[in-house]
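Structure below.
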């Protein structure tokens, strides 16, 4: 069974801190994605990666960066956290191709104080 | 042009009733339309998907209806059960980009519908 594991379920940080969210998948998927989920806005893509060391901006990349040094691991970095980045963050992975299902982790609820 | 608009935002249905969630898209290049189901505390999971070459796809109690000319698609849940209570997201993607590259399966999601099925 596919497993996408996000390192923390809940995280509280302060404004201005550098925040790291980690995601690991165990299915040898090429693609990995980071979304944020906000009520009424659905899931919005922040960044995605289709190969090791490759990354592409999604719809809302401002204030975020990513790192993919190994195929199974995809990190989301908030360079200087701000209160408007308080949200639920979801990581997903999939095989290459548009009709491949994305498999999601259970999310990290991040609060920036 | 990349938007997918989903309605209603919330839906309450009695057990045994039919739940209907609607989505509309603008980009005619979209060629794959999945629905994801999310239970509280969990990540979304693929429920059912359709390509625009068919007008309907059924899997058990779940049916997608697709209207290509209207650029609309909908999810119908027949005989709704309390266990169907969840948030549902429609999504859309395109396989190929105009330049011949791939979209890598990037999904554009709707805003989500919170479905509550009363016993």
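Residue numbers (the working numbering), protein chains in the order written: chain X, 12 to 124; chain A, 177 to 295. The C-beta atom is built at its ideal place from N, Cα and C for all residues, glycine as well.
Each of 111(X), 122(X), 86(X), 121(X) was checked against the Cα of residue 226(A), and the nearest Cα belongs to 111(X).
Residue 53(X) is bridged by DSSP to 49(X).
With fewer than three CB-CB distances shorter than 8 angstroms, the segment 43–56 of chain X does not count as touching the segment 190–203 of chain A. Under the 7 angstroms criterion on CB atoms, residue 208(A) is classed as interfacial with respect to chain X. Rounded to whole angstroms, the Cβ separation of residue 285(A) and residue 214(A) is 11 angstroms, and the two are not in contact under 8 angstroms.
Taking the C-beta atoms as reference points, residue 61(X) is found nearer than 7 angstroms to residue 41(X).
In the three-state DSSP reduction, residue 36(X) falls in the strand class (E or B).
Put simply, the segment 26–33 of chain X touches the segment 77–94 of chain X. At least three CB pairs are less than 8 angstroms apart.
Shown here, residue 203(A) sits in coil according to DSSP, grouped into three states, outside any helix or strand. Shown in chain order are the members of the segment 204–234 of chain A whose Cβ falls below 9 angstroms from a Cβ of chain X: 207, 208, 210, 212, 214, 217, 218, 219, 220, 221, 222, 225, 227. Following the DSSP letters along the chain, one finds residue 210(A) inside the beta strand (DSSP E) bounded by residues 209–214. If you draw a straight line from the Cα of residue 114(X) to the Cα of residue 84(X), it is about 14 angstroms long. Under the three-state reduction of DSSP output, residue 97(X) falls in the coil class, being neither helix nor strand. As computed with DSSP, residue 110(X) is found in no beta bridge at all.
Looking at the backbone, the Cα of residue 66(X) and that of residue 43(X) are separated by about 9 angstroms.
For residue 111(X), the nearest beta carbon of chain A is closer than 7 angstroms to its own beta carbon. Around the beta carbon of residue 182(A), 16 or more other beta carbons sit within 10 angstroms, so the residue counts as buried. Neighbours of residue 283(A) in chain X, taken as residues whose beta carbon is under 7 angstroms from its own, are 113 in chain order.
When C-alpha distances from residue 255(A) are compared across 189(A), 289(A), 184(A), 290(A), the shortest belongs to 189(A).
For residue 180(A), the enclosing beta strand (DSSP E) covers residues 180–183.
Note: residue 187(A) is bridge-paired with 291(A) in the DSSP secondary-structure output.
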